[in-house]
Amino acid sequence: MGKKEAVAQLQQREMDVLRKYVKANKSALPDQIVFAGSSLMEMFPIEKMQQNLELKQKIYNRGVSGTTTQFLLQHIDELVLDLQPAKIFINIGSNDIDFGISEKTFISNYASILQTFQQKLPQTTVYTMAYYPMNPTIQAAKNNNQNSARSNERLAQASQQVAQLADKFGYEFINVNDGLADENGDLLPKLTFDGVHMFPAGYEIVLKNMYRYL
Numbered sequence: 000m001g002k003k004e005a006v007a008q009l010q011q012r013e014m015d016v017l018r019k020y021v022k023a024n025k026s027a028l029p030d031q032i033v034f035a036g037s038s039l040m041e042m043f044p045i046e047k048m049q050q051n052l053e054l055k056q057k058i059y060n061r062g063v064s065g066t067t068t069q070f071l072l073q074h075i076d077e078l079v080l081d082l083q084p085a086k087i088f089i090n091i092g093s094n095d096i097d098f099g100i101s102e103k104t105f106i107s108n109y110a111s112i113l114q115t116f117q118q119k120l121p122q123t124t125v126y127t128m129a130y131y132p133m134n135p136t137i138q139a140a141k142n143n144n145q146n147s148a149r150s151n152e153r154l155a156q157a158s159q160q161v162a163q164l165a166d167k168f169g170y171e172f173i174n175v176n177d178g179l180a181d182e183n184g185d186l187l188p189k190l191t192f193d194g195v196h197m198f199p200a201g202y203e204i205v206l207k208n209m210y211r212y213l
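Throughout the sequence shown, residue numbering follows numbering that gives the first Met the number 0, covering 0 to 213 in sequence.
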């Protein structure tokens, strides 16, 4: 499959997922919790995991694989605003790094997302999340061109930028990555299948760390 075909296929999947969410939103309850982001959020099996949690609110996962800050900004109504959530957890932007989007654009888009939340959802609690670590030594990650620009150093830098934006808009930045990395700061091999994306075991660690915010 050529690059053009691969991009078209990815875009088609994004729209298919978006349509699925729009349909699901019609029966969703307001004042609940929304998880928004890219594949690192979409692959979080939180809607299944929450069945074992004693939460007063339901969690709706609105992550879309392969997307950037621009996609979330463009579809912020369908992915977040239409749900009128009480809390939002956002993990978006790692694909901006992969796709070579400039830091200026990344920061501008992320700021616009938070500004929209501030204007349209003034009573909503928003948590911006630190990016998960990756493991560059795993063969699948090294051979995947999509991840060639991603590094733990760049992810840490982006996380710092997100923390600054959160502070600017009066939101909380949270790092729920404790237990995901080895002594070198790399994502534990047992938790990932490609050096970037995690097995459910990785998300179990994340959920334990973020439970107090839910």
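Just so it is clear, CB atoms sit at the ideal spot from N, CA and C, and this is done for glycine as well.
Roughly how many angstroms lie between the CA atoms of residue i and residue j, to the nearest whole one?
i    : j    : result
K119 : G184 : 37 Å
E41  : N60  : 7 Å
I204 : G178 : 7 Å
Q159 : S37  : 19 Å
I87  : K167 : 17 Å
Q122 : L39  : 26 Å
N51  : L213 : 13 Å
D97  : L54  : 35 Å
A162 : F172 : 5 Å
Y20  : L80  : 12 Å
Would residue i be called buried (16 or more neighbouring beta carbons within 10 Å of its own) or exposed?
i    : result
G194 : buried
Q69  : buried
S93  : buried
A7   : exposed
R211 : exposed
T66  : buried
N108 : buried
N176 : buried
F192 : exposed
D95  : buried
R12  : exposed
Are the beta-carbon atoms belonging to residue i and residue j less than 8 Å from one another?
i    : j    : result
K47  : L28  : no
A85  : I45  : no
G62  : A35  : yes
Y130 : A110 : no
L154 : M133 : yes
L113 : L187 : no
D30  : Q117 : no
L190 : F198 : yes
E77  : L9   : no
I100 : L71  : no
Under three-state DSSP, which class holds residue i?
i    : result
Y170 : coil
N208 : helix
T66  : coil
L186 : strand
Nearer than 7 Å: is that true of the beta carbon of residue i relative to any heavy atom of the ligand ADP?
i    : result
M128 : The ligand ADP is not among the ligands present in this structure, which contains no ligands whatsoever.
Worksheet item: Taking the runs of the alpha helix (DSSP H) that are 4 residues or longer, which of them lie wholly in the stretch 75-100?
Response: 75-78 and 93-97
Practice prompt. Ignoring anything shorter than 3 residues or poking outside the stretch 8-56, list the beta strand (DSSP E) runs there in chain order.
Written response: 32-36
Discussion item. Restricting to runs no shorter than 4 residues, where is the alpha helix (DSSP H) found entirely within the stretch 108-161?
Written reply: 138-141
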